[in-house]
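Q: So that we are looking at the same thing, I have put the structure below in structure tokens.
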Amino acid sequence: MTIPANALSAGNVAARQHGAMEFSEAPVDLDAVRGYRLGRIREQLRRLDYAGVLLFDQINCRYACDATNMQVWCSHYETRCVFIATEGPMILFDYGDYPHLAEGLPLIDEYRVITSFYYFTAGPNTDRRADEFGQVVADLVRTHGGGNLRLAVDRLSWQGSRRLLDQGLSLHDGLEVLELARVIKSDGELALMQKAIDVCETGVDRMREALAPGITENALWAKLHEANVALGGEWIETRLLSSGPRTYPWFRESSMRVIENGDMVSFDTDLIGPYGYCADMSRSWVCGDRPNAEQRRIHALAREQIEHNCSILKAGVTFREVSERAWKIPDEFSSNRYSSLIHGIGLADEYPSIKHIHDFDRKGYDGVLEENMTLCVESYIGSAKGGEGVKLEEQVVVTRDGCRLMTSYPLAAC
Numbered sequence: 015m016t017i018p019a020n021a022l023s024a025g026n027v028a029a030r031q032h033g034a035m036e037f038s039e040a041p042v043d044l045d046a047v048r049g050y051r052l053g054r055i056r057e058q059l060r061r062l063d064y065a066g067v068l069l070f071d072q073i074n075c076r077y078a079c080d081a082t083n084m085q086v087w088c089s090h091y092e093t094r095c096v097f098i099a100t101e102g103p104m105i106l107f108d109y110g111d112y113p114h115l116a117e118g119l120p121l122i123d124e125y126r127v128i129t130s131f132y133y134f135t136a137g138p139n140t141d142r143r144a145d146e147f148g149q150v151v152a153d154l155v156r157t158h159g160g161g162n163l164r165l166a167v168d169r170l171s172w173q174g175s176r177r178l179l180d181q182g183l184s185l186h187d188g189l190e191v192l193e194l195a196r197v198i199k200s201d202g203e204l205a206l207m208q209k210a211i212d213v214c215e216t217g218v219d220r221m222r223e224a225l226a227p228g229i230t231e232n233a234l235w236a237k238l239h240e241a242n243v244a245l246g247g248e249w250i251e252t253r254l255l256s257s258g259p260r261t262y263p264w265f266r267e268s269s270m271r272v273i274e275n276g277d278m279v280s281f282d283t284d285l286i287g288p289y290g291y292c293a294d295m296s297r298s299w300v301c302g303d304r305p306n307a308e309q310r311r312i313h314a315l316a317r318e319q320i321e322h323n324c325s326i327l328k329a330g331v332t333f334r335e336v337s338e339r340a341w342k343i344p345d346e347f348s349s350n351r352y353s354s355l356i357h358g359i360g361l362a363d364e365y366p367s368i369k370h371i372h373d374f375d376r377k378g379y380d381g382v383l384e385e386n387m388t389l390c391v392e393s394y395i396g397s398a399k400g401g402e403g404v405k406l407e408e409q410v411v412v413t414r415d416g417c418r419l420m421t422s423y424p425l426a427a428c
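Next comes the structure, spelled out in structure tokens:
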């Protein structure tokens, strides 16, 4: 089914403005943010000479058109996608005939029902339905591409990709298009991101209030989820909270372990808050009694790493220069260092990923910090000696003179 653009924009002013957040008071003009983001995508499409882009990644769909319904479920299946012609329409292909889900999203020119071809829904009809899907997309490229058959795609199974190739299209990396589009934030985006951080820090405060001997890791983590949802947020991408001996090495998710007096408790929020923006901060606390000497030592080192690495960030500095100038991790902690020094942040983790100098030549890549990049500065300090680890992380925005902290929750260990 195709719904024309004028039908999608027939809702009232409040619905057009607020979309999925229609009962909230947006801090900025959401339509201006949406227009900026679509412009960034088309800027990259023109630079790379693509006829358009096909987006199945739900974060990229959100960035392109602000469609939000059932994002986590849709991430499991190829059941919602967005086609954007470089010089032409934006079309949302959705999982059913529910055009009301596109109300309040004025940049969507058409709403269509996708021909689903993943096995759960298509079963033995997968081949036929994938053929139908490929034909529809190829027709759009030929109609709006002006003879250009170069299509960018972010994520697509071999079934879908094969049909597009069979139709004579040339497929290219849509992730490059969207990562580079998303990297520079508008002032409106920064305001929405700050709203997400404010909600996150409210949740972190509730975690701090609840932290006491006898609470489980899962029960403590639930305080952050509760605050996020209650205050208009959406979901949390991971469950990275651990306590006591589970804090070393890093990357264990929360469990039913009961937190004990004197335990280090470390966590990483990875929170998708209001308006879809990510608040990615980490803190480490000691439960109950004051920190012991070893806990104070590793916490002070993690804080030193964070503060030093924040101090070297400003527009014009290259990724390699950041890596070379970064805080030197003592040998005791180097083997368990965090996987990156710094990474981009927006609607989720994103470009760039700046590696430690030890890893730069093998895993890293160069680039340049620009104004209004938003970054997360990471630290993990832990060793077998003490058997615990500290995870700290700050979220910042790059300026011409340095970086400005967006997160403000205290770094203190207790």
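End of the sequence shown sits at 428 in this note's numbering; the numbers just go up one at a time, nothing left out. Don't be surprised by glycine CBs; every beta carbon is placed ideally from N, CA and C.
#1: Could you pull out every unbroken alpha helix (DSSP H) segment of at least 4 residues lying fully inside the region 58-94, listed in chain order?
#2: Fully enclosed by the region 115-191, which alpha helix (DSSP H) runs are 4 residues long or longer?
#3: I'd like to know whether the C-beta atoms of residue 67 and residue 168 end up nearer to each other than 9 Å.
#4: Using 9 Å as the limit for Cβ to Cβ distance, is residue 408 near chain B?
#5: Just to confirm, are residue 402 and residue 277 a CB contact at a threshold of 9 Å?
#6: DSSP on residue 31, reduced to helix/strand/coil?
#7: What are the complete alpha helix (DSSP H) segments, minimum 4 residues, inside the region 326-403?
#8: Identify whether residue 214 lies in helix, strand or coil by the three-state DSSP scheme.
#9: Express the C-alpha separation of residue 209 and residue 423 in angstroms, rounding to a whole number.
#10: Is the distance from the Cβ of residue 70 to the Cβ of residue 185 below 9 Å?
#11: Under the three-state reduction of DSSP, which class applies to residue 240: helix, strand or coil?
#12: Enumerate in chain order the residues of its own chain whose CB-to-CB distance from residue 245 is below 6 Å, with the five nearest sequence positions on each side excluded.
#13: CB residue 365 to CB residue 193, shorter than 9 Å?
#14: Below 8 Å on the Cβ atoms is my contact criterion, and I expect residue 166 with residue 64 to pass it. Report the Cβ-Cβ distance as a whole number of Å.
#15: Suppose you measure from the CA of residue 231 to the CA of residue 301; what does that come to, to the nearest Å?
#16: What does the alpha-carbon distance come out to for the pair residue 189 and residue 115?
#17: Can you tell which of 124, 100, 92 has its C-alpha closest to the C-alpha of residue 134?
#18: How far does the beta strand (DSSP E) with residue 417 in it reach, from first residue to last?
#19: Excluding the 5 residues flanking residue 109 on each side, which residues of the same chain have their C-beta closer than 6 Å to its C-beta?
A: Let's see:
#1: 72-79, 85-88
#2: Inside the region 115-191, DSSP marks whole alpha helix (DSSP H) runs of 4 or more residues at positions 133-136, 140-158, 172-180, from first to last along the chain.
#3: Yes.
#4: As a matter of chain content, chain B is missing from the structure shown, which is built from one protein chain.
#5: yes
#6: Residue placement at residue 31 is poorly supported in this model, since its pLDDT is 37, which falls under 50; the coordinates still yield a value, given next. In the displayed model, residue 31 falls within a helix according to three-state DSSP.
#7: Listed in chain order, they are 333-339, 345-348, 374-377.
#8: helix
#9: Distance between residue 423 and residue 209, taken at the CA atoms: about 14 Å.
#10: no
#11: helix
#12: Close CB contacts of residue 245 within its chain, under the 6 Å cut and outside five residues either way in sequence, are with 213 (chain order).
#13: In contact: residue 365 and residue 193 (Cβ atoms closer than 9 Å).
#14: 5 Å
#15: 12 Å
#16: 25 Å
#17: 92
#18: Here the beta strand (DSSP E) through residue 417 covers 416-419.
#19: 93, 94
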